[in-house]
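Using our numbering, read the sequence shown as starting at 585 and increasing by one per residue.
Even for Gly, the Cβ is constructed at its ideal location relative to N, Cα and C.
Heads up: the structure comes next, in structure tokens.
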Amino acid sequence: MCTVCGCGEGETRIEGHSDHDHHDHDHHQHGHHHGHDHDHAHDHGHHQHRHDHDHPHDHDHDHAPHVHGDDHDYGQGPARAHAPGLSQSRMVQIEQDILGKNDAYAAANRGRLVQQGILALNLVSSPGSGKTSLLTRTLTDLRDELSLAVIEGDQQTSNDADRIRATGARAIQINTGKGCHLDA
């Protein structure tokens, strides 16, 4: 997955679904390059004198500092990241564009859920904090009263989705690869 914009191909897997609407997302490719070089020679033209007399043969050279033309921020700029070939402002713009697109998807999803009378909850916390335990207990307690379904996101395994399905609830597992969470 690209650490600049979050794009990635072939990493996200979805299993456990059959009757659903499906939409694809366009992904872009971009190359990373470092757009400057460090080619500059320092030939000082030193020469050696070897003869006997009472005066020095030394001389000084004034060297003006040279400018590379790129601002090396090492991830300390506004984007808090470093990507060769991209300025900090461009990285921030890319992130804002991605988040804006995600916000549009999220708004469409919320509208569809409201239209169909579906209450959706999002459980987000650190790994091992008890989200799946809370969820499976809730699903078990409510399974005779409500129709329940879960979209489970995990980087690699389907263990949590298997635990959720064991309660009798429907579950879709999305493996996010290197991504740590699900967006819209």
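- For N759, which of S742, L705 and D767 has the nearest alpha-carbon? The count along the sequence shown starts at 1 and reaches residue 759 at position 175. It is S742.
- Message: I'd like to know if the segment 710-717 and the segment 672-682 are in contact, where contact means that at least 3 CB-CB pairs between them fall below 8 Å.
- Response: no
- Grouping DSSP H, G and I as helix and E and B as strand, with all else coil, what is Q699? Sequence index remark: in the sequence shown, residue 699 carries index 115 (1-based). Three-state DSSP puts Q699 in a helix.
- Message: To the nearest angstrom, how far is the alpha carbon of R696 from that of A688?
- Response: Taking the first residue of the sequence shown as 1, we reach residue 696 at position 112. Taking the first residue of the sequence shown as 1, we reach residue 688 at position 104. Cα to Cα, R696 sits roughly 12 Å from A688.
- Message: Do A692 and G600 have their beta-carbon atoms positioned less than 8 Å apart in this structure?
- Response: What you label residue 600 is simply residue 16 of the sequence shown in a count that begins at 1. What you label residue 692 is simply residue 108 of the sequence shown in a count that begins at 1. Result no, Cβ atoms of G600 and A692 do not sit closer than 8 Å.
- Query: Just reading off the beta strand (DSSP E) that D738 is part of, what are its end residues?
  - Reply: To locate residue 738, count along the sequence shown from 1; it is residue 154. Counting along the chain, the beta strand (DSSP E) containing D738 begins and ends at A733 to D738.
- When the distance is taken between beta carbons, is L719 closer than 8 Å to V708? Here the question's residue 708 lines up with position 124 in the sequence shown. Here the question's residue 719 lines up with position 135 in the sequence shown. No, the pair does not count as a contact, with Cβ atoms beyond the cut-off.
- Task: For A750, count neighbouring Cβ atoms within 10 angstroms of its own Cβ and tell me buried if that reaches 16, exposed if not.
- Result: For the purposes of this step, residue 750 is taken as the residue at position 166 of the sequence shown. The residue is exposed, with fewer than 16 neighbouring Cβ atoms inside 10 Å.
- A755 - containing beta strand (DSSP E), residue span: The sequence position of residue 755 within the sequence shown is 171, counting from 1. Looking at the DSSP string, the run of the beta strand (DSSP E) that includes A755 is R754 to N759.
- Item | Top-ranked residue by Cα proximity to K762, from L730, G737, R694 and S717 | Position 178 of the sequence shown holds residue 762. When each option's Cα is compared against that of K762, the closest is G737.
- Query: Near R727, which residues of its chain fall below 6 Å by C-beta distance, leaving aside the five closest residues on each side in sequence?
  - Reply: Numbered from its first residue, the sequence shown carries residue 727 at position 143. Same-chain partners within the cutoff: G752.
- What's the C-alpha gap between L766 and R754? Taking the first residue of the sequence shown as position 1, residue 766 is located at position 182. Taking the first residue of the sequence shown as position 1, residue 754 is located at position 170. Rounded to the nearest angstrom, the two C-alpha atoms are 18 Å apart.
- Query: Is the beta carbon of R747 less than 8 Å from the beta carbon of T722?
  - Reply: Counting from 1 along the sequence shown, the entry for residue 747 is found at position 163. Counting from 1 along the sequence shown, the entry for residue 722 is found at position 138. Their beta carbons are not under 8 Å apart, which means R747 does not touch T722 by this criterion.
- Item | Per-residue DSSP class, three states only, for E729 | Walking along the sequence shown from the start, residue 729 turns up at place 145. Coil at E729, not helix or strand.
- Item | Q739 versus C764 - alpha carbon distance | Taking the sequence shown and counting its residues from 1, one reaches residue 739 at position 155. Taking the sequence shown and counting its residues from 1, one reaches residue 764 at position 180. So the two alpha carbons sit approximately 6 Å from each other.
- Closest Cα partner of V676 within the set T724, K685, A665 and G669: Translated into the one-based positions of the sequence shown, residue 676 becomes position 92. The option with the nearest alpha carbon to V676 is A665.
- Starting from N743 and walking both ways along the alpha helix (DSSP H), at which residues does that stretch end? The sequence position of residue 743 within the sequence shown is 159, counting from 1. From DSSP, the alpha helix (DSSP H) with N743 extends over N743 to R749.
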